[in-house]
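When we follow the numbering used here, the leftmost residue of the sequence shown carries the number 336, and every step to the right adds one. Glycine included, each C-beta is placed from N, C-alpha and C at the ideal position. This one's a predicted model, so the numbers in the text were calculated from it and none came from an experiment. In what follows, a single structure is set out as structure tokens and then discussed.
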Amino acid sequence: MYRDASVGVVMPAYNEEGFVGDVIREMPDYVDRIYAIDDQSTDGTWDEILEAARADASSDGPSEPREDAQIVADGGFTGDRAALDGGVSALAKRASVRDPIGRVVPIQHRENLGAGGAIKTGYLAALEDGVDATVTVDADGQMDLSQMTRLLDPIVEGKADYAKGNRLLSKEYRAAMPRFRFVGNAILTFLTKIASGYWKTMDPQNGYTAISNDALEAVDLENLYEYYGYCNDLLVKLNVHGMRVADVAMPAVYGDEESSIQYSSYIPKVSTMLLQNFLWRLKTKYLALDFHPLALFYLVGAGLAGAGVLAIGAALIAALSSLGAVVDGSTTVVLFVAGIAFLLFAMVFDMAESEHLETQVR
């Protein structure tokens with residue numbers, strides 16, 4: 336327990352032998368549950384999880400399972416964790432959940448689901464357990480566990496529903512980030528601001544987060560994006576449901592771990608997802624749930640700017656082919672400038688709508 340709130344940690348692990356055991360053994364004492372998810376690793380990750388769990392249990396003593404939500408072997412549940420969908424819960428469909436070893440709940444995916452899939456599995460387990468605050472921690476040792484309370488404080492104090500680390504708020508922390516990661520992060524930060532509506536929130540790829548039970552219940556967990564852009568997808572869903580987000584300055588630790596991200600597929604996949612999420616957010620939040628003119632500003636602005644770009648392209652083609660101008664130059668400029676103006680007005684309205692949902696903790 337931390338400040339009278341139960342704390343769970345979701346720890347996805349794929350081929351993290353040599354790292355995952357240390358992370359489990361170093362977990363703070365106030366953490367009540369550690370959901371260690373093995374995403375069908377091909378090395379000794381699973382055995383290391385079990386070994387570290389036993390070591391953690393022997394050092395801290397056995398933890399008492401919740402009477403109303405006892406985890407039993409191989410994905411079956413009793414008590415309030417009654418199975419869904421004809422006797423099989425969403426969690427049981429995707430993973431084998433073992434008996435807790437002390438405070439560690441070893442979970443093994445039935446098939447490889449990726450980083451986002453492992454986070455979703457852990458969130459499903461924490462939601463069924465009724466954990467007050469759920470933290471996500473990578474199994475590679477990149478995250479400073481002593482900083483966890485800074486993520487938990489906004490949650491337990493009722494100031495935020497979701498808190499996330501931010502390596503870009505501090506010049507010192509930015510300097511510690513490799514250059515290629517910084518550039519990629521900056522681009523994704525800008526795209527995520529537009530897609531999510533959280534215009535002050537930065538470093539959306541940071542996987543060190545904490546989320547409240549209320550927020551987990553509000554978002555549609557079963558439809559959470561399962562690729563590496565899961566954190567960006569979650570921000571969009573949180574915004575639509577009016578959840579408050581705290582951006583917490585946080586250092587990063589870069590060690591001997593190797594990233595498994597394939598950027599050739601990562602960039603187009605996440606960019607496409609963000610565009611789809613942006614359109615979904617506009618439709619759901621500003622047209623379906625309530626009407627706000629900013630949705631029309633976005634649509635009209637995009638249309639005018641697009642028409643301006645096409646007109647410029649047509650003029651260039653005509654000039655290069657010596658066919659003469661087919662589009663008046665002033666009309667082209669007016670279309671493009673008007674489109675940009677409408678988009679900027681829409682962004683200003685969007686910022687104002689979500690301003691009260693964002694805080695930054697330095």
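Any idea if residue i is buried or exposed, counting beta-carbon neighbours within 10 angstroms, 16 or more meaning buried?
i	result
A654	exposed
V518	exposed
T666	exposed
L610	exposed
K528	buried
I522	exposed
S394	exposed
H691	exposed
K618	exposed
Taking residue i as part of the beta strand (DSSP E), name the residues at either end of that continuous run.
i	result
A650	Segment 629–655 is the alpha helix (DSSP H) holding A650; no beta strand (DSSP E) there.
N501	497–501
G437	Here G437 belongs to no beta strand (DSSP E), and DSSP marks it neither H nor E.
A468	468–471
P539	First-last for P539: undefined, no H or E at that position.
V342	342–348
A584	580–584
V696	693–696
Name the residue from the options whose alpha carbon lies nearest to the alpha carbon of residue i.
i	options	result
S606	N567, L480, I372, Q443	N567
G343	L651, S547, D479	S547
D434	N447, L385, K494, A390	L385
N447	L523, D374, G674	D374
V470	D364, Y601, T380, M346	M346
Y601	N612, T619, P586, Y562	Y562
D464	P586, H444, E552	E552
V466	A630, S341, I490	S341
A673	H691, I652, V644	V644
How many Å lie between residue i and residue j at the Cα?
i	j	result
G500	M686	21 Å
K572	G564	13 Å
S376	R485	31 Å
I442	N574	30 Å
A348	F515	24 Å
I406	R697	Since pLDDT at I406 reaches only 36, below the 50 mark, its modelled position is unreliable, and the value read off the structure follows with that caveat. If I take the Cα positions, the gap works out to 38 Å.
G411	A425	Its pLDDT being 38, under 50, G411 is placed unreliably in this model, and the coordinates cannot settle the point.
P397	R438	Low per-residue confidence applies at P397: pLDDT is 45, beneath 50, and the placement is therefore not dependable, though the value from the model is reported in the following sentence. Distance between the alpha carbons of P397 and R438: 7 Å.
M578	V683	20 Å
H576	F626	15 Å
A387	K535	39 Å
V669	N520	34 Å
G493	S505	25 Å
I436	A390	9 Å
E402	G353	Any reading at E402 needs caution, since the residue's pLDDT is 39, under 50, leaving its predicted position unreliable; the model's value is listed next. Cα to Cα, E402 sits roughly 34 Å from G353.
E693	V432	36 Å
R445	L459	15 Å
K604	Y560	11 Å
List the whole-angstrom C-beta distance separating residue i from residue j, where the pair is believed to meet the contact cut-off of C-beta under 8 Å.
i	j	result
A681	Y633	4 Å
T456	A430	5 Å
A474	V355	4 Å
L487	A468	6 Å
R502	N541	6 Å
Q695	D582	5 Å
So the alpha helix (DSSP H) residue i belongs to, where does it begin and stop?
i	result
R514	514–531
A371	Element bounds for A371: not the alpha helix (DSSP H) but the beta strand (DSSP E), 368–373.
D568	565–575
F464	The sequence as given places Asp at residue 464; Phe does not occur at that position. That run of the alpha helix (DSSP H) goes 449–464.
V491	483–491
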